[in-house]
Ligand SMILES: *Cc1c(COP(=O)(O)O)cnc(C)c1O
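Residue numbers (my numbering): 57 to 440.
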């Protein structure tokens, strides 16, 4: 029996050929495929602008920069996420705080958000940016968050690293109907991959322009952005401090090819989740709850055990059987780096409690029925 990871890429011969074609072409970076991939993703999700980058972490960073997040500002996100959702605030010199999760969806609780906003307003420390994270591929209650953003005046960056291919209400996740910017990750464990890679979507041209500038050294070749007339065809100006966060042609070619299969990938994940739902009902753990106003991309299939000791022994039991179960997530504020910044254990009890009992089962497009049955029968054996 091979090792069964919790998530992995699906790479076809067509994907491989697409990358090889780039290697034989004139451009390894900054050629035609990067804008083509951007247009394809923008069209797929129904957003006006797409800015590709070398990771979702970079996308979060330039999104914060474009929204002018800086020292003295506050950014709020969920504690139940990968550390990158919070680190982007720190890169900009801003402060980060967290909003506890809803115990049913494991997404940012809009009730907790509203309470925290009321208190912050009274204390004069409202956030400039809130980053809801579509955990496991399921959209947050974006309509409610959008309403609160209008009432309290904050920007929304939706971290949809788990969620490309999903829907929320009548739109694809990434359409930015409820966010200023939505970001995706193309890491190999996510829904589609470019090896490393990410993208920021927006319907705001000004934000898109700024993100493009920050992605590439703060350099412009557009004369209307320059401080004076161009000196000739070679001329460019650095007009702000940017980074090199560009995606390569190799990554974009892989992304274009992967995007053609995205609906199949997500449908596959739904089929697998349905099999888990069927065959794992009646066990002493909770199955992931699905809201009825959306369609999850199902990046993860987290079960929730009744106590932490049992989670640990089930984790070890399955790992011994070469099943790569994992835990998503260790609450960000409990990480040593954040502890050193003064965040307290106990501040976000729902996320902390959830963390002690959760376990992500394998789910990915290439997971075979045989392997999934092996996961299921191993769980059955554990509880026998
Ligand atoms: C994977 C992930 C990221 C970071 O993505 P990279 O492309 O690896 O930088 C950010 N946020 C969440 C929620 C993620 O799962």
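Note that beta-carbon positions come from the ideal geometry of N, C-alpha and C, so glycine has one too.
Exercise. Check whether the Cβ atoms of residue 369 and residue 321 sit closer than 9 Å, and answer yes or no.
Key: Working through the chain shown from its first residue, we reach residue 369 at position 313. Working through the chain shown from its first residue, we reach residue 321 at position 265. Their beta carbons are not under 9 Å apart, which means residue 369 does not touch residue 321 by this criterion.
Quiz item: Any idea what DSSP makes of residue 243, helix, strand or coil?
Solution: Taking the chain shown and counting its residues from 1, one reaches residue 243 at position 187. Reduced to three states, the DSSP call for residue 243 is coil.
Quiz item: So does residue 520 have its beta carbon nearer than 8 Å to some heavy atom of ligand 1?
Solution: Within the shown structure, residues of the chain are numbered from 57 to 440, placing residue 520 beyond reach of any answer.
Quiz item: The alpha helix (DSSP H) spanning residue 333 covers which residue range?
Solution: Here residue 333 is taken as the residue at index 277 of the chain shown, counted from 1. Counting along the chain, the alpha helix (DSSP H) containing residue 333 begins and ends at 318–335.
Quiz item: Thinking C-alpha only, which one of 332, 297, 138, 349 is nearest residue 426?
Solution: Your numbering for residue 426 matches position 370 in the chain shown. Considering only alpha carbons, the answer is 332.
Quiz item: Grouping DSSP H, G and I as helix and E and B as strand, with all else coil, what is residue 133?
Solution: Locating residue 133 in the chain shown gives position 77, counting from the first residue. Strand.
Self-check item: Any non-hydrogen atom of ligand 1 within 8 Å of residue 365 CB
Solution: Position 309 of the chain shown, counted from the start, is the residue given in the question as residue 365. Residue 365: no, Cβ never under 8 Å from ligand 1.
Quiz prompt | Selected residue, minimal CA-CA separation from residue 397, among 121, 99, 152 | solution = Residue mapping note: residue 397 aligns to position 341 of the chain shown, counting from 1. Checked all of 121, 99, 152; the closest Cα to residue 397 is 152.
Exercise. Give the DSSP-derived three-state secondary structure of residue 193 in the structure shown.
Key: Numbered from 1 along the chain shown, position 137 holds the residue referred to as residue 193. If DSSP states are grouped into helix, strand and coil, residue 193 belongs with the helices.
Quiz prompt | Proximity test, residue 242 beta-carbon vs ligand 1 heavy atom, cut-off 8 Å | solution = Stepping through the chain shown from its first residue, residue 242 is reached at position 186. Checking every heavy atom of ligand 1 against the Cβ of residue 242, one is found closer than 8 Å.
Quiz item: Going by the beta-carbon positions, is the gap between residue 84 and residue 252 smaller than 9 Å?
Solution: On the chain shown, position 28 is the one that residue 84 refers to. On the chain shown, position 196 is the one that residue 252 refers to. Contact flag unset, no.
Quiz prompt | Assigned secondary structure, residue 227 (DSSP; H/G/I helix, E/B strand, else coil) | solution = Against the chain shown, residue 227 aligns to sequence position 171. Strand at residue 227.
Practice problem: Mind checking who residue 60 pairs with in its DSSP beta bridge? | Solution: What you label residue 60 is simply residue 4 of the chain shown in a count that begins at 1. Answer by DSSP bridge pairing, in chain order: 379.
Quiz prompt | Collapsed DSSP secondary structure at residue 256 in the structure displayed | solution = In the chain shown, the residue the question calls residue 256 occupies position 200. If DSSP states are grouped into helix, strand and coil, residue 256 belongs with the strands.
Quiz item: Mind checking whether the beta-carbon of residue 380 lies closer than 8 Å to any heavy atom of ligand 1?
Solution: By one-based count along the chain shown, residue 380 stands at place 324. No, Cβ of residue 380 sits at least 8 Å from all heavy atoms of ligand 1.
Exercise. Name, in chain order, the residues that DSSP records as bridge partners for residue 186.
Key: In the chain shown, counting from the first residue as 1, residue 186 sits at position 130. Per DSSP, 132, 212.
Quiz item: Should residue 220 go down as buried or exposed, given a rule of 16 or more other Cβ atoms within 10 Å for buried?
Solution: Counted from its first residue, the chain shown places residue 220 at position 164. The residue is buried, with at least 16 neighbouring Cβ atoms inside 10 Å.
Exercise. Tell me whether residue 223 is buried or exposed, calling it buried when 16 or more other Cβ atoms sit within 10 Å of its Cβ.
Key: Start at 1 with the first residue of the chain shown, and residue 223 comes out as number 167. With 16 or more Cβ atoms within 10 Å of its Cβ, residue 223 is classed as buried.
Practice problem: Report the residue from 284, 245, 299 whose alpha carbon sits nearest the alpha carbon of residue 61. | Solution: Here the question's residue 61 lines up with position 5 in the chain shown. Residue 245 is the option with its Cα nearest to residue 61.
Quiz prompt | Cα-Cα separation, residue 335 to residue 433 | solution = In the chain shown, residue 335 corresponds to position 279, counting from 1. In the chain shown, residue 433 corresponds to position 377, counting from 1. Looking at the two C-alpha atoms, the distance is approximately 9 Å.
Quiz item: Which term fits residue 393, buried or exposed, when burial requires 16 or more other beta carbons within 10 angstroms of its beta carbon?
Solution: Residue 393 sits at position 337 when you count from the first residue of the chain shown. By the neighbour-count rule (16 or more Cβ atoms within 10 Å), residue 393 is not buried but exposed.
Exercise. Give the secondary structure of residue 416 by DSSP, where H, G and I count as helix, E and B as strand, and everything else as coil.
Key: Your numbering for residue 416 matches position 360 in the chain shown. Note: residue 416 maps to strand in three-state DSSP.
Quiz item: So what does DSSP say about residue 366, is it helix, strand or coil?
Solution: If you number the chain shown from 1, residue 366 lands on position 310. Note: residue 366 maps to helix in three-state DSSP.
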